[in-house]
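In the numbering used here, the protein residues as written are 1 to 271. Using N, Cα and C, we set each Cβ at its ideal position, and we do this for glycine too. Treat the numbers as computed from the prediction; the structure is a model and nothing was measured. The next block holds one structure in the form of structure tokens; read it before the comments.
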Ligand code: SF4
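Here it is, written out as structure tokens:
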């Protein structure tokens, strides 16, 4: 049986824009598909999933093998793509001709060929890829790599905490009220979060900052892991966050700016 493949929206080498290794080189793998729709999302283009109807209205030419998708079995797995042969003959869809369908070994090979030690798995939402455990295991065995998974806080992580060595770390977002997605947060993730992991609060306004304080206090997060607060670009000035931190004596919380948005155009892809 063919191996499951990951739907990779883009892959590239850049500097880490966020979290513990901010400013260092990292090789990025951006997976396609997300289970949330934050109202400030800057990677919405990578969030949509290819639905059967969307995927099956193309022509043979677009499928690349002369067959029409409508005549084929084009049902896309809910969260990730199966072998491209099951879809449109060459892995392309009318929805996004740029999506690549890669096995865990192919992703690992790309990472190693980059010569970069830091790996960032991002999205979309990487943890909804059905075969993510296989990729994480492969990456964890290579002690020369440091892999960080940027995850949105809505996917249960408890089963991974016990299994993964600390060269695999999670940066878990808490989507504050301003995102419109707060109800989706899986708060149990914070109960057993490890010291090698990070929680990141993405804030739009003072209400979000207040909610951040509540959650930090309820789960004792600053004693357990690294805690960042990050501004939704264009919605809140970083200095307002600093003022709030001073006012509320927020020790052990770090302000984080998304470096890549200052180095490149805030809308730029692949950086
Ligand atoms: S979780 Fe991340 S990728 Fe998904 S919609 Fe929100 S900001 Fe976008």
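As assigned by DSSP and simplified to three states, the class of residue i
| i | result |
| --- | --- |
| residue 248 | coil |
| residue 169 | strand |
| residue 192 | coil |
| residue 237 | coil |
| residue 88 | In this prediction, residue 88 scores a pLDDT of 34, lower than 50, which makes its location untrustworthy; the coordinate-derived value is nonetheless stated afterwards. In the structure shown, residue 88 sits in coil (DSSP, three-state: anything other than H, G, I, E or B). |
| residue 55 | With a pLDDT of 33 at residue 55, under the threshold of 50, the modelled position of this residue cannot be trusted; read the value that follows with caution. Looking at residue 55 - three-state DSSP - the assignment turns out to be helix. |
| residue 206 | helix |
| residue 10 | strand |
Sub-8 Å separation of residue i and residue j beta-carbons
| i | j | result |
| --- | --- | --- |
| residue 33 | residue 124 | yes |
| residue 244 | residue 206 | yes |
| residue 167 | residue 21 | no |
| residue 122 | residue 16 | no |
| residue 258 | residue 24 | no |
| residue 176 | residue 202 | yes |
| residue 242 | residue 199 | no |
Burial state of residue i (16 or more Cβ within 10 Å)
| i | result |
| --- | --- |
| residue 37 | exposed |
| residue 27 | buried |
| residue 80 | Confidence in residue 80 is poor, its pLDDT being 35 and thus under 50, which makes the residue's placement unreliable; the coordinate value appears in the next sentence. Under this definition residue 80 is a buried residue. |
| residue 126 | buried |
Minimum C-alpha distance to residue i - residue among the options
| i | options | result |
| --- | --- | --- |
| residue 151 | 142, 162, 128 | 128 |
| residue 279 | 104, 6, 231 | Residue 279 lies beyond the stretch modelled for the chain, which goes from 1 to 271, so this question has no answer here. |
| residue 221 | 197, 146, 208 | 197 |
| residue 115 | 12, 192, 46 | 12 |
| residue 227 | 238, 29, 213 | 213 |
| residue 189 | 257, 209, 219 | 219 |
| residue 143 | 40, 112, 153 | 112 |
Supposed close pair residue i, residue j - CB separation, criterion 8 Å
| i | j | result |
| --- | --- | --- |
| residue 204 | residue 165 | About 35 Å separates the two Cβ atoms, so there is no contact after all. |
| residue 107 | residue 193 | Contact doesn't hold; Cβ gap of about 26 Å is too wide. |
| residue 131 | residue 6 | 7 Å |
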